[in-house]
Amino acid sequence: MPAKHLRDVPVAGMTKVAAEAVAHGFTPEDPSWINLGQGQPEIGAIPGAPPRITQIDLSPGDHAYGPVNGVAALREAVAGYYNRRYRAGRRSQYEATNVAIVGGGRPALGRAVAALGHVDVGYLRPDYSAYEDLLDRNAPRIRPVGLTMSRPADLLGAATASGVPALLLSNPRNPTGDVLAGDDLEALVVGATAAGCALLVDEFYSHYVYDVGPEGRSRPAAGPVSAAAYVDDVARDPVVLFDGLTKNFRYPGWRLGWIVGPVETIAVIERVGQALDGGPSKVVQRAALAALEPGYADAETTAVRAHFAAKRNVMVDGLRTAGIDVPTSAGGMRGTFYIWGSLARLPEPLRDGDSFFRAALAHRVITVPGRVFDLNPGGQRTDDGAFDGYVRFSYGPPADAIADGVARLRAMADSYR
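When the letters of the sequence shown are read in order and numbered with our numbering, they come out as residues 118 to 534.
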């Protein structure tokens, strides 16, 4: 039990997964292990991508504290990126005042939720595991409301039926890979805005989007997806976006994220940041300017979609051969670098995500049980277990590691048949 002066903070599901893997001998440097649970993309050179940024030249002022919402040059660069990518020809354009630079994705989400008033916040199941504690630690000011829907396109109806004044979600969605795009995403943005529902959209996987053809094969989508394309008035509409260099630009160690939203919201987020984190590193912001140069940014995202679409095919083929069900989404779109696999056709005891995870550790393969993403902030619900028969598999590692990992999983499943 924690001391009386401490909050009882549960160990995050991903942390438990990592700790159990370490207890079985895993170290990141050991090539005999395959980490199909990793939450970061491969960080080295990939075909068609520009060279990795390995050096920066600092100015004397970079050694000083910077503005809480980030330096003006980077805020302008982020605004310019969104205008060029998503808002060409639109009357309303993002400016530096629409952008806050924050030292990482979770701190960015933390600032935004801390800026909310006493409101109900809708969330989805399953979704990014860190949302659970994020909502917990802002209670009772924030009251989490779980939303149920059968299809991503039903999200607007679920949100309006619940009457929540704010909705937090990832798009593309971690862990399922569901993507709201095109007419469905536009309907959500327009409909939520009309209903006065603030959208807090985590777009950290927005460059990892793939079209799935009738044959079930993935190919790179034409471009990234973002709710920014459908915002009418960027200065006022309550649509708040989160992104950064972590996933989409493959620089997770830089810990640099940003928030894009209405001017008033960004101003409140700055005041929250004065109390919470004090602002991001000026050194990392200097490096980020190079990553957002138009030619560099466009080449990187194009290469990411092509490279990860090919890796997705390697993983899907291998998992299906092992007897793991993967949604086909034929003629649709998928995203992230995760596969949300069903264990229903595997022999016992592998139909349970935890049992599968522990069995895979014996083959030096790390996966993530589906229950990790079954958000239950505050322990309000008693219907746990909805995702016990699922596992999240990451194709963040290089293609040869993925092929090796799924081959080991097939051998593991065969050993129980």
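Glycine included, every Cβ here is placed at the ideal spot set by N, Cα and C.
**Asked** Which residues in the same chain have their Cβ closer than 8 Å to the Cβ of Trp371, if we skip the five residues on either side of it in sequence?
**Response** Leu362, Thr363, Val401, Ala404, Ala405
**Request:** Starting from the Cα of Asn493, find the closest Cα among Ser176, Val262, Leu226, Ile173 and give me that residue.
**Result:** Val262
**Asked** Nearest-angstrom Cα distance between Thr617 and Ala138?
**Response** Since the first residue shown for the chain is 118 and the last is 534, residue 617 is missing from the structure and cannot be characterised.
**Request:** Could you tell me which residues DSSP pairs with Gly374 in its beta bridges?
**Result:** Val219, Gly361
**Message:** Ignoring anything shorter than 3 residues, give me the beta strand (DSSP E) runs that lie fully in the region 313 to 339, in order along the chain.
**Reply:** 315 to 319, 326 to 329, 335 to 337
**Prompt:** By a C-beta neighbour count over all protein chains shown, 10 Å radius and 16 as the cutoff for buried, is Glu320 buried or exposed?
**Reply:** buried
**Prompt:** Quick one: Cα of Val134 to Cα of Ser209, how far?
**Reply:** 45 Å
**Asked** Just reading off the alpha helix (DSSP H) that Tyr198 is part of, what are its end residues?
**Response** 189 to 203
**Request:** Pull up the distance between the alpha-carbon of Asp501 and that of Val307, whole angstroms please.
**Result:** 33 Å
**Asked** Would you report the Cα separation of Phe504 and Asp244, rounded to the nearest angstrom?
**Response** 11 Å
**Request:** Compute the Euclidean distance between the alpha carbons of Leu373 and Pro466, then round it to the nearest angstrom.
**Result:** 41 Å
**Sequence-distant residues of its chain with Cβ nearer than 6 Å to Phe474 (five each side left out)** = Thr484, Pro486
**Prompt:** Is it right to say Thr453 is buried, meaning 16 or more other beta carbons lie within 10 angstroms of its own, or is it exposed?
**Reply:** buried
**Request:** Just mark Pro168 as buried or exposed, buried being the case when its beta carbon has 16 or more other beta carbons within 10 Å.
**Result:** exposed
**Asked** Are there 16 or more other CB atoms within 10 angstroms of the CB of Gln497, so buried, or fewer, so exposed?
**Response** exposed
**Item:** The alpha helix (DSSP H) enclosing Arg527, as first and last residue numbers
**Value:** 516 to 532
**Request:** Report the residue from Arg254, Arg422, Arg468, Val431 whose alpha carbon sits nearest the alpha carbon of Leu123.
**Result:** Arg254
**Prompt:** Does DSSP put Tyr464 in a helix, a strand or coil?
**Reply:** Position check: residue 464 holds Pro in this sequence, whereas Tyr was assumed. Pro464: coil per DSSP, three-state reduction.
**Message:** Can you find the residues in the same chain that come closer than 6 Å, C-beta to C-beta, to Tyr325, ignoring five residues on each side of it along the sequence?
**Reply:** Phe425, Gly452, Thr453, Phe454
**Asked** So does the region 334 to 352 actually touch the region 294 to 314, counting three or more Cβ pairs closer than 8 Å?
**Response** yes
**Request:** Please classify Lys121: is it buried, with 16 or more other beta-carbons within 10 angstroms of its beta-carbon, or exposed?
**Result:** exposed
**Asked** Counting Cβ pairs, one atom from each stretch, are 3 or more of them under 8 Å apart for the region 333 to 346 and the region 148 to 163?
**Response** no
**Request:** Grab the span of the alpha helix (DSSP H) containing Leu123 for me, first residue to last.
**Result:** Taken as a continuous stretch (DSSP letters only), Leu123 belongs to no alpha helix (DSSP H), as it is neither H nor E.
**Item:** Cβ-based neighbour list, Tyr68, same chain, cut-off 8 Å, excluding 5 preceding and 5 following
**Value:** Only positions 118 to 534 of the chain appear in this structure, which leaves residue 68 out of reach.
**Message:** Taking a contact to mean a Cβ-Cβ separation below 8 Å, would you say Val433 touches Ile456 in this structure?
**Reply:** yes
**Request:** For Ile163, write down the residues that DSSP places opposite it in a beta bridge.
**Result:** According to DSSP, Ile163 bridges with nothing at all.
**Message:** Can you tell me whether Gly395 is buried or exposed? The criterion is at least 16 other CB atoms within 10 Å of its CB, across all chains shown.
**Reply:** exposed
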